[in-house]
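Visitor: Next up is a structure, given as structure tokens.
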Amino acid sequence: MNPVRAPWIRTRLRAAPGAACALAVLVALTACLAAAFPRAGDRYEDAGLRRAVERARPASTSVDVSAQQPGLLMSQEQREEALRPGTLGRQYAQVLAGVPRPLAVDPGQSTYGVRTAGSLPAPDPWLPRPSGLPPQLTLAAQHGLAEHATIRTGRLPRAGGHVTAATAEVEAAVTVETARSLHIRAGSVVHVPGVERPPLAVRVTGVVAPRDPGGAFWATEPLLRSPSLVLAPGPDHDTYWRATLLLAPEAAPALLGTPGNLWRYWQLAPSPAVLRAHQADRVRSAIASLEAGPALGRIRTATDPSTTVSTALDDVLTGFTQLRGGVRPLVAVAAFGTGTVAAVVLLLAGGLAADRRRTELALLRARGASLRGLAGRLFAETAVVALPAGALGLGAALLAVPSERATYAIAAAATVTAVACAVLPLRAAAGHRVVRLHAGRGDVTSVRPSRRRTVAELTLVVVALGAVETLRRQGTSGDQLTSLAPVLVGVVAALLLVRLYPLPLRGLARPAARLRGAIGHLSLARAGRTSASAVLPLLALLSALTTAAFGGSVLTGVREARDQAALLTVGADARIEATGALPRDLPDRVLRTPGVRAVTPVSITYDARPTDLTQSVPLAGVNPSRYAELARETHIGPFSAGELRRGGTRAALPALASPTTARTYGTRPFPVRLDDGTTITVRITAVRARTPAVTGDNFLVVDRAGLNGPASRPTALLLTGTHLDGPALRGAAPASADVQLRSEERAGYVDSPLQSGAERVYTAAVAAGAGYAVLALLLSLLRTAPERTALLARLRTMGLTRPQGRRLLILESLPQAALAAAGGALTGWATIRLLSPGVDLTAVALATAPSPAQEAALHTDALSLAVPAAAIVLLTVGVSAAQAWWTGRRGAVAELRAGDTR
1 MNPVRAPWIR TRLRAAPGAA CALAVLVALT ACLAAAFPRA GDRYEDAGLR RAVERARPAS
61 TSVDVSAQQP GLLMSQEQRE EALRPGTLGR QYAQVLAGVP RPLAVDPGQS TYGVRTAGSL
121 PAPDPWLPRP SGLPPQLTLA AQHGLAEHAT IRTGRLPRAG GHVTAATAEV EAAVTVETAR
181 SLHIRAGSVV HVPGVERPPL AVRVTGVVAP RDPGGAFWAT EPLLRSPSLV LAPGPDHDTY
241 WRATLLLAPE AAPALLGTPG NLWRYWQLAP SPAVLRAHQA DRVRSAIASL EAGPALGRIR
301 TATDPSTTVS TALDDVLTGF TQLRGGVRPL VAVAAFGTGT VAAVVLLLAG GLAADRRRTE
361 LALLRARGAS LRGLAGRLFA ETAVVALPAG ALGLGAALLA VPSERATYAI AAAATVTAVA
421 CAVLPLRAAA GHRVVRLHAG RGDVTSVRPS RRRTVAELTL VVVALGAVET LRRQGTSGDQ
481 LTSLAPVLVG VVAALLLVRL YPLPLRGLAR PAARLRGAIG HLSLARAGRT SASAVLPLLA
541 LLSALTTAAF GGSVLTGVRE ARDQAALLTV GADARIEATG ALPRDLPDRV LRTPGVRAVT
601 PVSITYDARP TDLTQSVPLA GVNPSRYAEL ARETHIGPFS AGELRRGGTR AALPALASPT
661 TARTYGTRPF PVRLDDGTTI TVRITAVRAR TPAVTGDNFL VVDRAGLNGP ASRPTALLLT
721 GTHLDGPALR GAAPASADVQ LRSEERAGYV DSPLQSGAER VYTAAVAAGA GYAVLALLLS
781 LLRTAPERTA LLARLRTMGL TRPQGRRLLI LESLPQAALA AAGGALTGWA TIRLLSPGVD
841 LTAVALATAP SPAQEAALHT DALSLAVPAA AIVLLTVGVS AAQAWWTGRR GAVAELRAGD
901 TR
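Going by our numbering, the letters in the sequence shown line up with residues 1 to 902, in that order.
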């Protein structure tokens, strides 16, 4: 009879399908999260870069390639030919081809042409002259007008015949704004001076409206779209108009007959849609090559030796890179924390599988199985489940989070899959190096750490101390080791707590022995028999709690920094301010709008000039009682109302001043001249760094009752309340008044997808870390579940009741849960206190938005410490109670088997 050999992998998968499915789900979920993280980072960084480029003015982001007019050494025909559209178009194609990658150009917004650099006076008397000065006009023959403009009246300009420098008349178009401001209509003729020839007549044939006024075609040179009223130099403050007339591209040679300094230009608009954040440094290198590098040489060869390239796009990229440099390290902290917890969960899952099959593997070793062969079979068995699961998780991440790069996602998913495949064989190889059927006790109170473990732990302590010190000195701008600092602190704390864990158990054992009943003593004895390998679940819990505490404090600090910055900017929950006096009945109208609780009128003079009249200081006149209440409620420079009340009618007005103003003028009385010409005498009696009415380093606040005339009329209202209605306030305020809401100001600080995306990814990482910590706790309890189930079954045969069994399991699990909770809260607090000097939240909280607030510092958030710690204890108690209840429902016969080693 031939023996039948059963396939190892199929047999093992059929023997434990539930464990295989659980492993597949764990690997797929972890691989999906690991692969999604770098792609999510790429997405919000790319969106932040596109927003930065789009929000910058086209005049800053466009690449201006320009060359002077053809030289006088060329013949007149050659000079005219160099300005014609055919020549410029061929050069434009060569310029586009010479732009180095990855800088991409948007052909739809890019253009080329000829314009006069100097303005030409238009002497026509029918043109408006606000101060008697003639308008100054720029003539531009720009390619692509038909594609970027809509004709309102007339038609587009054309060039009749062969245009030369001696052509007497050309056609042009103007925009709607230019026509309205300069009183131009279709058919108007404008004259500009000529050189060695009569003035050039420009006939306006049409009025056009830009199709995309904010696009680079129109906005790179704002005068193309909108005229400007310019202040002429001199003491008379004369003004004159500046505008642009749009000629047909074929009419460019006629500009050689004018005194305007001609420039040929090729205007390149970058394409924000194809910009990628990971290519920002390469784009800056491409710009440097265009401005003064090999690319500039190629462009000069194709156009003219005098060609220059200029752009401010590199400044926009530098600002984005600085913002990203402040955001990335904070997100990396959450990523490392969550990655550590996920790795621990994978190790716990492998350890659980190895413990479940300890007897089977020991028997195989006793029957002659080699360590290498056993590890290889276990690796193949795990790979059959993990590889498809990892590929599935990777595919889900690639579909759920679209992004251009997939390299980092594939590497992350492959790392997760490799760890999942290697844990079980390595753990089995480590536990079965020596052939034995029964392992000795591995209690945490009886096993002494080896010298190798002590050396490894001391090494980790040194690395953690170095990371913490580096972060405190250099901030989050250092290498990845600084982002690992919170995780390393959690690792050191876990190792320390595992060593200290037996001490309280030994201290409690003797008092518990004196108690009536065996539950307390038995639960402490059971807690002391916890496996020495409990460092893994404790490490997972501490890493998750530290990451949650750090992350919660970061998010709370960001929120508080924005609230404080908005409050300092507005001065209250809302502000209504005008350049002149507000209506007398406005406070009553505003007080009746929804949500307004109190109104504080303030008269503000921004150009008050003390003493020698050389320096202006903002001066606010207030009602001392109401203003002191506002300052106390907003916590912006609180003071006592009595400090602003004047003792007599002839005494100097008491004033509250900023430290800078107090240092400048001292405490002696000094005169202050107001805008209306009146003068008051003030004396500084109180000094505060900030005040609600005025922002900045210089201010004076006095009693409004001491002011006379227009200076005493309120020019601003500071409102306090909840859920203020912005439209209602704007409806009640005069049309000329500016209405600011604290809530709107706060929303303005989140002005980049880089900020909001980083916050979302940070929150998701912290939440994922918390989920993995719960899973680690469940795996650690599941690992000891069979042993505890058998214990309850045996004790029930000795008279243990169900309530006593429930109390026993709860009390047994409480020491380790309480240790993890208390240690996690303490570690989180210590981590924040240690690392806060090196963590600046300004990049995430306020970014580039102007704010009177200083740096946003990291502070401890009590809820972020207490809530996760309490959740760990409650979850442990709940799982133990559920296990006791479930065990009580099952019979004890199945658990009382002879020869069971549990």
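For each residue, glycine too, the CB sits at the ideal point set by N, CA and C.
Note that the structure is a prediction, hence the values are computed from the model and not measured.
Does DSSP classify Ile184 as helix, strand or coil?
Guide: Indexing the sequence shown from 1 puts residue 184 at position 184. Of the three classes helix, strand and coil, the one that applies to Ile184 here is coil, per DSSP.
Visitor: Between which two residues does the alpha helix (DSSP H) harbouring Thr827 extend?
Guide: In the sequence shown, counting from the first residue as 1, residue 827 sits at position 827. Residues Arg802 to Leu835.
Visitor: Compare the Cα-Cα distances from Leu826 to each of Val345, Arg673, Asp861 and Met74 and report the closest residue.
Guide: The residue given as residue 826 occupies position 826 in the sequence shown. Among Val345, Arg673, Asp861 and Met74, the Cα nearest to that of Leu826 belongs to Asp861.
Visitor: May I ask you to verify whether the region 453-471 touches the region 308-317, counting CB pairs closer than 8 Å and requiring at least 3?
Guide: no
Visitor: Closest to Leu811 by C-alpha separation, out of Val879, Leu835 and Gly823, would be which residue?
Guide: The residue you call residue 811 lines up with position 811 of the sequence shown. Measuring from the Cα of Leu811, the nearest candidate turns out to be Val879.
Visitor: Over the uninterrupted alpha helix (DSSP H) stretch that includes Asp676, give me the two end residues.
Guide: In the sequence shown, residue 676 corresponds to position 676, counting from 1. No alpha helix (DSSP H) holds Asp676; DSSP gives it neither H nor E.
Visitor: Looking at Leu865 and Gly828, is the spacing between their C-beta atoms short of 8 Å?
Guide: The residue given as residue 828 occupies position 828 in the sequence shown. The residue given as residue 865 occupies position 865 in the sequence shown. The answer is yes: Cβ separation under 8 Å.
Visitor: In angstroms with no decimal places, state the Cα-to-Cα distance between Pro17 and Leu352.
Guide: The sequence position of residue 17 within the sequence shown is 17, counting from 1. The sequence position of residue 352 within the sequence shown is 352, counting from 1. Spanning the two alpha carbons is a distance of roughly 15 Å.
Visitor: Where do the ends of the beta strand (DSSP E) carrying Ser310 lie?
Guide: Residue 310 sits at position 310 when you count from the first residue of the sequence shown. From DSSP, the beta strand (DSSP E) with Ser310 extends over Thr308 to Ser310.
Visitor: Pull up the CB-CB distance for Leu223 and Thr138, whole angstroms please, since I reckon it's below 8 Å.
Guide: Taking the sequence shown and counting its residues from 1, one reaches residue 223 at position 223. Taking the sequence shown and counting its residues from 1, one reaches residue 138 at position 138. The C-beta distance from Leu223 to Thr138 rounds to 6 Å, short enough to fall under 8 Å.
Visitor: By a C-beta neighbour count over all protein chains shown, 10 Å radius and 16 as the cutoff for buried, is Thr634 buried or exposed?
Guide: The sequence position of residue 634 within the sequence shown is 634, counting from 1. Label assigned to Thr634: buried.
Visitor: Between the region 655-671 and the region 586-606, are three or more C-beta pairs nearer than 8 Å?
Guide: no
Visitor: Identify whether Asp607 lies in helix, strand or coil by the three-state DSSP scheme.
Guide: Within the sequence shown, numbered from 1, the residue matching residue 607 stands at position 607. Looking at Asp607 - three-state DSSP - the assignment turns out to be strand.
Visitor: Let me know if Leu78 comes out buried or exposed under the rule of 16 or more other beta-carbons within 10 Å of its beta-carbon.
Guide: Start at 1 with the first residue of the sequence shown, and residue 78 comes out as number 78. Before going further, note that residue 78 is Gln rather than Leu in the sequence given. With fewer than 16 Cβ atoms within 10 Å of its Cβ, Gln78 is classed as exposed.
Visitor: When the Cα atoms are used, what is the spatial distance from Leu644 to Tyr627?
Guide: As a working note, residue 644 is residue 644 in the sequence shown. As a working note, residue 627 is residue 627 in the sequence shown. Looking at the two C-alpha atoms, the distance is approximately 10 Å.
Visitor: Give the DSSP-derived three-state secondary structure of Phe670 in the structure shown.
Guide: Along the sequence shown, read from residue 1 onward, the residue named residue 670 stands at position 670. Looking at Phe670 - three-state DSSP - the assignment turns out to be strand.
Visitor: Residues in the same chain with beta-carbon distance under 8 Å from Pro270, minus the five sequence neighbours each way, listed in chain order, please.
Guide: Mapped onto the sequence shown, residue 270 falls at position 270. For Pro270, where only same-chain residues beyond five positions count, the Cβ hits under 8 Å are Val53, Thr61, Ser62, Val63, Leu103, Ala104, Val105, Asp106 and Leu313.
Visitor: Between the alpha carbons of Gly726 and Gly214, how many angstroms are there, rounded?
Guide: Working through the sequence shown from its first residue, we reach residue 726 at position 726. Working through the sequence shown from its first residue, we reach residue 214 at position 214. For Gly726 and Gly214, the distance between alpha carbons rounds to 28 Å.
Visitor: Does DSSP put Ala746 in a helix, in a strand, or in coil?
Guide: For the purposes of this step, residue 746 is taken as residue 746 along the sequence shown, with counting starting at 1. The amino acid at residue 746 is misidentified as Ala; the sequence shows Arg. Correct three-state label for Arg746: helix.
Visitor: Within 10 Å of its beta-carbon, does Gln615 have 16 or more other beta-carbons around it, so buried, or fewer, so exposed?
Guide: To locate residue 615, count along the sequence shown from 1; it is residue 615. Exposed, because fewer than 16 other Cβ atoms sit within 10 Å of the Cβ of Gln615.
Visitor: Would the beta-carbon of Arg43 fall within 8 Å of that of Ala252?
Guide: Walking along the sequence shown from the start, residue 43 turns up at place 43. Walking along the sequence shown from the start, residue 252 turns up at place 252. Not in contact: Arg43 and Ala252 (Cβ atoms no closer than 8 Å).
Visitor: Does the contact criterion of 3 or more C-beta pairs under 8 Å hold for the region 384-403 versus the region 335-344?
Guide: no
Visitor: Please go through the region 652-730 and give each complete beta strand (DSSP E) segment of 3 or more residues, from N-terminal end onward.
Guide: 653-657, 670-673, 679-687, 700-703 and 716-721
Visitor: In three-state terms, what does DSSP make of Ile636?
Guide: Translated into the one-based positions of the sequence shown, residue 636 becomes position 636. In this structure, DSSP gives Ile636 a state outside helix and strand, which the three-state scheme calls coil.
Visitor: Taking one C-beta from the region 566-575 and one from the region 750-770 each time, how about it: are there three or more such pairs within less than 8 Å?
Guide: no
Visitor: In the DSSP assignment, what residue or residues form a beta bridge with Ile287?
Guide: Mapped onto the sequence shown, residue 287 falls at position 287. BP columns for Ile287 are empty, so no partner.
Visitor: Buried or exposed for Ala870, please, with buried defined as at least 16 other CB atoms from any protein chain shown within 10 angstroms of its CB.
Guide: Start at 1 with the first residue of the sequence shown, and residue 870 comes out as number 870. The residue is exposed, with fewer than 16 neighbouring Cβ atoms inside 10 Å.
Visitor: Pick out the complete beta strand (DSSP E) segments inside the region 529-609, 3 residues or longer, and give them in chain order.
Guide: 574-577
Visitor: Quick one: Cα of Arg663 to Cα of Leu567, how far?
Guide: For the purposes of this step, residue 663 is taken as the residue at position 663 of the sequence shown. For the purposes of this step, residue 567 is taken as the residue at position 567 of the sequence shown. Spanning the two alpha carbons is a distance of roughly 26 Å.
Visitor: Please name the residue or residues paired with Glu169 in a DSSP beta bridge.
Guide: By one-based count along the sequence shown, residue 169 stands at place 169. Bridge partners of Glu169: Ala201.
Visitor: Taking 8 Å as the cut-off, decide whether the C-beta atoms of Ala428 and Val27 are in contact.
Guide: Here the question's residue 428 lines up with position 428 in the sequence shown. Here the question's residue 27 lines up with position 27 in the sequence shown. The Cβ atoms of Ala428 and Val27 lie no closer than 8 Å to each other.
Visitor: Any idea which residues DSSP pairs Ala764 with across the strands?
Guide: Here residue 764 corresponds to residue number 764 of the sequence shown, with the count starting at 1. Beta-bridge pairing links Ala764 to no other residue.
Visitor: Taking C-alpha atoms, which residue in Leu814, Asn623, Arg39 and Glu177 lies nearest to Thr407?
Guide: Taking the sequence shown and counting its residues from 1, the one referred to as residue 407 is at position 407. Comparing Cα positions, the closest option is Arg39.
Visitor: Gln816: buried (16+ other C-beta within 10 angstroms of its C-beta) or exposed?
Guide: If you number the sequence shown from 1, residue 816 lands on position 816. So Gln816 counts as buried.
Visitor: Does the separation of the CB atoms of Gly71 and Asn261 fall below 8 Å?
Guide: As a working mapping, residue 71 is identified with position 71 in the sequence shown. As a working mapping, residue 261 is identified with position 261 in the sequence shown. Taking 8 Å as the Cβ cut-off, Gly71 and Asn261 do not qualify as a contacting pair.
Visitor: Excluding the five sequence neighbours on either side, which residues of its own chain have a C-beta within less than 6 Å of the C-beta of Val341, listed in chain order?
Guide: Here residue 341 refers to the residue found at position 341 when the sequence shown is read from its first residue. Excluding sequence neighbours, Val341 sits near Ala540, Ser543, Ala544, Gly769, Tyr772 and Ala773.
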